[in-house]
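Peer 1: Numbered according to our numbering, the sequence shown spans residues 1 to 76. Here it is, the structure, as structure tokens.
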Amino acid sequence: MSTQTDVSFSKWRSFLWPIQGREIKKFLPLLLIYALICLNYSVLKVAKDTLVITAPGSGAEAIPFIKVWVILPMAL
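As structure tokens, this is what we get:
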């Protein structure tokens, strides 16, 4: 139980930045982690397709195989 009173924000602040000062310590690292995960996902998705298609002895027909037998089990 908290003994602090909730500080209400102005109309603009509650719309644009409804985060209290004590919550910023958690919010900013989580935001950074989320941004890095999104960056890694987008870069690795493009790199995976490029590396699989241009690999010797492989082609575009390998992508569905990899999606079913490698990526799906790893996601579970």
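Glycine is no exception: its CB is placed at the ideal position from the N, C-alpha and C atoms. A quick note: this is a predicted structure, and the numbers were derived from the prediction, not measured.
So for residue 19, helix, strand or coil by DSSP?
Peer 2: Residue 19 falls in the coil class under three-state DSSP.
Peer 1: How long is the line joining the alpha carbons of residue 20 and residue 33, rounded to whole angstroms?
Peer 2: Residue 20 and residue 33: Cα-Cα distance of roughly 20 Å.
Peer 1: Going by the beta-carbon positions, is the gap between residue 27 and residue 18 smaller than 8 Å?
Peer 2: No.
Peer 1: Could you have a look at residue 76 and say whether DSSP puts it in helix, strand or coil?
Peer 2: DSSP places residue 76 in coil when its eight states are reduced to three.
Peer 1: At what residues does the alpha helix (DSSP H) containing residue 46 begin and finish?
Peer 2: Residues 24–54.
Peer 1: By how many angstroms is the C-alpha of residue 29 removed from the C-alpha of residue 45?
Peer 2: Approximately 24 Å between the Cα atoms of the pair.
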